[in-house]
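*Asks:* This structure is in structure tokens; I'll ask about it shortly.
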Amino acid sequence: MTKKVNGYLHKNPMGDGYSVRFFCPHCCIWHRHGAPGGLAEIGNTTDRAPHCLPGSPLRDRGVDITIRSTPFEKAEKTVKAATPAQQSMIRQGRSSAAIERLRAQPAVTLP
Ligand SMILES: [Zn+2]
762 MTKKVNGYLH
772 KNPMGDGYSV
782 RFFCPHCCIW
792 HRHGAPGGLA
802 EIGNTTDRAP
812 HCLPGSPLRD
822 RGVDITIRST
832 PFEKAEKTVK
842 AATPAQQSMI
852 RQGRSSAAIE
862 RLRAQPAVTL
872 P
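Okay, here's the thing in structure tokens:
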């Protein structure tokens, strides 16, 4: 079954358009997906195969991303993401108390 997550629009720094960002509850980082055309509409839900680190259960399950009205730049400030060293551990299927604290953060649920 797909995992439901909140997505936030991120204006492309190199031109027009937006990407969709969501905070991955396994990888503890923000994944980025393209948002062609109407997929970037607030309130829409779009299913994607997430760009997860190896070993993530979400890779097979997929995610349903619901686009929220809060800009990514604001949503990003509400959670703490994994450091590169923690991402390396997650990639190896390892964890730590700090990684589990990252995973236990409340899901981003801004409007
Ligand atoms: Zn992920």
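The opening residue of the sequence shown carries number 762 in the numbering used here; numbering runs sequentially from there.
Note that the Cβ used here is the ideal one computed from N, Cα and C, for glycine as well.
Taking the Cβ atom as the reference point for each residue, do T806 and I790 lie within a distance shorter than 8 angstroms?
*Replies:* Sequence index remark: in the sequence shown, residue 806 carries index 45 (1-based). Sequence index remark: in the sequence shown, residue 790 carries index 29 (1-based). No, these two residues do not count as a Cβ contact at 8 angstroms.
*Asks:* When DSSP builds the beta bridges, which residues end up paired with F784?
*Replies:* As a first step, residue 784 must be located in the sequence shown, where it is residue number 23. Bridge partners of F784: W791.
*Asks:* Which residue from P832, E861, R820 and G795 puts its Cα closest to that of I803?
*Replies:* In the sequence shown, counting from the first residue as 1, residue 803 sits at position 42. Checking every option, the nearest Cα to that of I803 belongs to P832.
*Asks:* Determine which residues share a DSSP beta bridge with L770 and list them.
*Replies:* Against the sequence shown, residue 770 aligns to sequence position 9. Beta-bridge pairing links L770 to V781.
*Asks:* For C813 and C788, I'd like the C-alpha separation in whole angstroms.
*Replies:* Residue 813 sits at position 52 when you count from the first residue of the sequence shown. Residue 788 sits at position 27 when you count from the first residue of the sequence shown. About 7 angstroms.
*Asks:* Is I828 helix, strand or coil when you go by DSSP?
*Replies:* Numbered from its first residue, the sequence shown carries residue 828 at position 67. When DSSP states are grouped into helix, strand and coil, I828 belongs to the strand group.
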